[in-house]
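Written out below as C-alpha cells is the structure these notes cover.
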Amino acid sequence: MPPSILWLCRDFRFRDNAAMAAAAAAGPVLPVFLIDRGLRAQGAASRWRIERALRAFDAELRRRHGAAVLVLEGEPEALLPDLTARIGAAALHMNDWPEPGTIAAQQRLGRALAGTPARLVLHPGHLLLHPRALRTGSGGAYRVFTPFARTLRAIGPDRPGGEAPRLAPLADPPQGLALDRLDLAPDLHRGRAVLERHALPAGEAAALARLGDFLDRAGDYAAQRDRPDRDATSGLSESLAVGEIGPRDLWAIATARARADSAAGAGIAAFLTELIWREFAWHLLIAFPRLARQPWRPEWSDFPWRGASGDLTRWQRAETGIALVDAGLREMRVTGRMHNRVRMVAASWLTKHLLTDWRLGLAHFADSLTDWDPASNAMNWQWVAGCGPDAAPFFRIFNPERQAAQFDPQGRYRRRWLLGWQGAEAEEARGYFDSLPPAWQVSRHYAEDGADPTSGRARALAAHAAFRHRVQGSGI
Ligand SMILES: Cc1cc2nc3c(=O)[nH]c(=O)nc-3n(C[C@H](O)[C@H](O)[C@H](O)COP(=O)(O)OP(=O)(O)OC[C@H]3O[C@@H](n4cnc5c(N)ncnc54)[C@H](O)[C@@H]3O)c2cc1C
8 MPPSILWLCR
18 DFRFRDNAAM
28 AAAAAAGPVL
38 PVFLIDRGLR
48 AQGAASRWRI
58 ERALRAFDAE
68 LRRRHGAAVL
78 VLEGEPEALL
88 PDLTARIGAA
98 ALHMNDWPEP
108 GTIAAQQRLG
118 RALAGTPARL
128 VLHPGHLLLH
138 PRALRTGSGG
148 AYRVFTPFAR
158 TLRAIGPDRP
168 GGEAPRLAPL
178 ADPPQGLALD
188 RLDLAPDLHR
198 GRAVLERHAL
208 PAGEAAALAR
218 LGDFLDRAGD
228 YAAQRDRPDR
238 DATSGLSESL
248 AVGEIGPRDL
258 WAIATARARA
268 DSAAGAGIAA
278 FLTELIWREF
288 AWHLLIAFPR
298 LARQPWRPEW
308 SDFPWRGASG
318 DLTRWQRAET
328 GIALVDAGLR
338 EMRVTGRMHN
348 RVRMVAASWL
358 TKHLLTDWRL
368 GLAHFADSLT
378 DWDPASNAMN
388 WQWVAGCGPD
398 AAPFFRIFNP
408 ERQAAQFDPQ
418 GRYRRRWLLG
428 WQGAEAEEAR
438 GYFDSLPPAW
448 QVSRHYAEDG
458 ADPTSGRARA
468 LAAHAAFRHR
478 VQGSGI
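First residue of the sequence shown? That's 8 in my numbering, and the numbers climb one at a time after it.
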C-alpha cells in the first residue's frame, strides 16, 4: 500500500485524531511538521509552546510506534509535492486548523499538487462541529452568542474518534532537522528558563491528567472561575491551542462525568459554556476573517484610538501602577498565562482608560501567551474594546479597584505577582525580574502610583460621546 504523509499542525495527540487514523488505515505513515511562514509569524511564546508539544508528541510516537516526526523548514507548496513524489505517497492527511493563513497555505499546496497523483485530505477535529455546520435560519453565520450556543447544544457536538490505530512507520524515512537542536522561539526575549520554571507539563497524557484533576474539582467551577486567587479553572487552553486534546473528546469526557456525578453537574455545564465561547470565536473568524485585524463594526474604524505611547510601553512592561493590571501582565510575562478575569481588566485598562488601540494589546498578548489562539484572542479583545460582535457596550468600563476587591479580596493574587506590594516576597513575583532586560530598570519594590481610575474613565466616556456624536445614526 502506498504511504501517506501526516501533516501535523495543531494536533499533537493520538486520540480523536482523524487525520492520523485515516493515514494509518491506508498504509505506512510519515508524520511531518513544517516550520513555515505562518508559524514564524506567530508570537514567540506560542512557538515555544508548540515546540514543547512537538517534542512530547515525537517522544510518544517513538515509544508507541517506532516512528519519528520529520521536521522541515520551508513552505508547504515548495516542500510537500517533492516529498510526496520522493516517498511515493498517495495522500497528505491533515487535521484542519481553520486559521486564515493556514487555509491560504492549504490552497497553495492544493494547486502545487494538481497534476500529481497525490492529494491533500482535510479532516475536522479542531472544533466541536464541522466549521460550517451551524447556520442561522437564513443560512448565514451567527453573530450573537446565545442563539449560537442554544443551537450547538441542541444539535450536540460531533462524536470524537477513539485512539488512532497502530501506525506503521516508513521503512527508510528521509532525514530532517534534529529535534533536540530545534529552537522555534529564538526571539523569546524573557528567556526560556523563566517560562520553563512555570510550564505546565506538555503532551496528551498530561492534558488528560489535567482534565481528570479539573473534573474532580469542577463542582466549584461556576462559583469560583472568576477568582484569580484560586485554582478553579481547568488550565486546558494551552493544550487546546496546540491540539494535545481535542474539544470533542473534552466535551464527551466532561458530559460523561456530569452524568455520573450530579454534584459536579452545574460546574461542568458552566465549563462547557466556556468551550462554546471558544467555538463561537472560531465560528466568527471563519465566517469573517477580518475579525483578527479590523473592528467587527466598521464604523469603529474611525474611533480616535491612541497609537504607541509611553502609556502602552508601561502597560506592556507591567508598570501601569494599577496593581491588578500589573499583576496580570507580570503573570503573563513569567508563565505565558493570565487568568481570564484579569485579561479582561488589563485589556479594559489599555483600551478604555488609556484609550489605546485594541490591536496593540492584541499583538502583545499574541506574542506573550502560551495559549495564543487567533480566534479567542481577537474576539475577546474586540469584546472588551466595545467594537466586537456581541460586545459589552463601550461605556461599561471595568474599575480595576472594584474588580480587585471582588475577585481578589485578600490580595493573594496580587501578592503572588507583585514583589514588594504589601510586603510580598513570593517566588513567582521574583521571576518577573529574571525576565527583564537590565535597561528597563524596574523598581523591585512595587508601588501603586495612585493612577486615578476615575479620570481615565471620564476621558474614555468623553471620547466615546464625541465619537457617537460624529457617527450619529450608526447605532453605536
Ligand atoms: C483579552 C482576552 C484575550 C484572550 N486571548 C485568548 C487566547 O489567545 N487564547 C485562549 O485560549 N483564550 C483567550 N482568552 C480567553 C480566556 O481568557 C482563556 O481561554 C482562559 O483564561 C484559559 O484558561 P482555562 O483553560 O483555565 O479556562 P477555563 O475556564 O477552564 O475554560 C475552559 C476552556 O474554555 C475556553 N474559554 C474560556 N474562556 C473563554 C473565552 N472568554 N473566550 C473563548 N474561549 C474561552 C478555553 O478554551 C478554555 O481552555 C482571552 C480572553 C481575553 C479577555
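Where is the CB? At the ideal position from N, CA and C, for every residue including glycine. In this text, all values refer to a predicted model and were calculated from it rather than measured experimentally.
Subject >> As assigned by DSSP and simplified to three states, the class of I42 >> reply: strand
**OP:** Leaving aside the five residues before and after H137 along the sequence, list all residues of the same chain whose C-beta is less than 6 angstroms from its C-beta, in chain order.
**Re:** P131
Original post:
Quick one: does the C-beta of V391 sit closer than 7 angstroms to a heavy atom of ligand 1?
Top reply: yes
Subject >> C-alpha gap between R232 and A60, whole angstroms >> reply: Taking the straight line from one Cα to the other gives about 26 angstroms.
**OP:** Answer yes or no: the CB of L218 versus the heavy atoms of ligand 1, is any distance below 7 angstroms?
**Re:** Short note on L218: C-beta not closer than 7 angstroms to any heavy atom of ligand 1.
Subject >> Where the beta strand (DSSP E) containing A98 begins and where it ends >> reply: A98 to N102
Subject >> Uninterrupted alpha helix (DSSP H) stretches inside the stretch 88-138 (no shorter than 4 residues) >> reply: 107-120
Subject >> Under 8 angstroms between C-beta atoms of G50 and W379 >> reply: yes
**OP:** With DSSP as the reference, label R297 as helix, strand or coil.
**Re:** In this structure, DSSP gives R297 a helical state, which the three-state scheme calls helix.
Original post:
Taking C-alpha atoms, which residue in A92, A465 and M27 lies nearest to G122?
Top reply: A92
**OP:** Hey, could you find the ends of the beta strand (DSSP E) E245 is sitting in?
**Re:** That residue, E245, is in no beta strand (DSSP E); its alpha helix (DSSP H) goes S244 to V249.
Original post:
Assuming G438 contacts R204 under a Cβ cut-off of 8 angstroms, what Cβ separation, rounded to an integer in Å, is found between them?
Top reply: 6 angstroms
Subject >> Three-way DSSP call (helix, strand, coil) for V151 in this model >> reply: coil
**OP:** Find the nearest neighbour of R237 within the set A259, P208, A75 and G418, judged by alpha-carbon distance.
**Re:** G418
Original post:
Which residue from W428, L292 and A288 puts its Cα closest to that of A156?
Top reply: A288
Subject >> Opening and closing residue of the beta strand (DSSP E) in which W14 lies >> reply: S11 to L15
Original post:
Should G132 be counted as a contact of ligand 1 given a C-beta to heavy atom distance under 7 angstroms?
Top reply: no
Subject >> Run of the beta strand (DSSP E) containing E80, from where it starts to where it stops >> reply: L77 to E80
Original post:
From A29, P445, G250 and L99, pick the residue whose C-alpha is nearest to that of A214; which is it?
Top reply: G250
**OP:** For my contact list, R340 and A325 are in at a C-beta cut-off of 8 angstroms; report their separation, rounded to the angstrom.
**Re:** 6 angstroms
Original post:
Short check: CB of R464 to CB of F414, under 8 angstroms?
Top reply: no
Subject >> Per-residue DSSP class, three states only, for E432 >> reply: coil
**OP:** With DSSP collapsed to three states, give me the class of V352.
**Re:** V352: helix per DSSP, three-state reduction.
Subject >> Inter-residue spacing [alpha-carbon to alpha-carbon] between C394 and Y453 >> reply: 33 angstroms
Original post:
Within this structure, are the beta carbons of L116 and E84 separated by less than 8 angstroms?
Top reply: yes
Subject >> Proximal residues to A229 (C-beta, below 6 angstroms), its chain only, five neighbours per side dropped >> reply: A273, G274 and A277
Original post:
Can you tell me whether A353 is buried or exposed, with buried defined as 16 or more other CB within 10 angstroms of its CB?
Top reply: buried
Original post:
If you draw a straight line from the alpha carbon of R451 to that of Y420, how long is it in whole angstroms?
Top reply: 18 angstroms
Subject >> Inter-stretch contact at 8 angstroms, needing at least 3 Cβ pairs: the stretch 302-310 / the stretch 385-400 >> reply: yes
Subject >> Y149 versus R266, G317 and I293, residue with shortest Cα-Cα distance >> reply: When each option's Cα is compared against that of Y149, the closest is I293.
**OP:** Would you check if there are 3 or more beta carbon pairs closer than 8 angstroms linking the stretch 36-54 to the stretch 70-90?
**Re:** yes
Original post:
Cβ of S375 within 7 angstroms of any heavy atom in ligand 1?
Top reply: no
Original post:
Identify the residues that DSSP records as bridge partners of T363: which are they?
Top reply: R313
**OP:** May I ask you to check if the CB of H452 is nearer than 7 angstroms to at least one heavy atom of ligand 1?
**Re:** No, Cβ of H452 sits at least 7 angstroms from all heavy atoms of ligand 1.
Original post:
Comparing alpha-carbon positions, which option in P88, P167 and R409 lies nearest A28?
Top reply: Selected option, being the one with the closest Cα: P167.
Original post:
Are three or more beta carbon pairs between the stretch 251-264 and the stretch 10-21 nearer than 8 angstroms?
Top reply: yes
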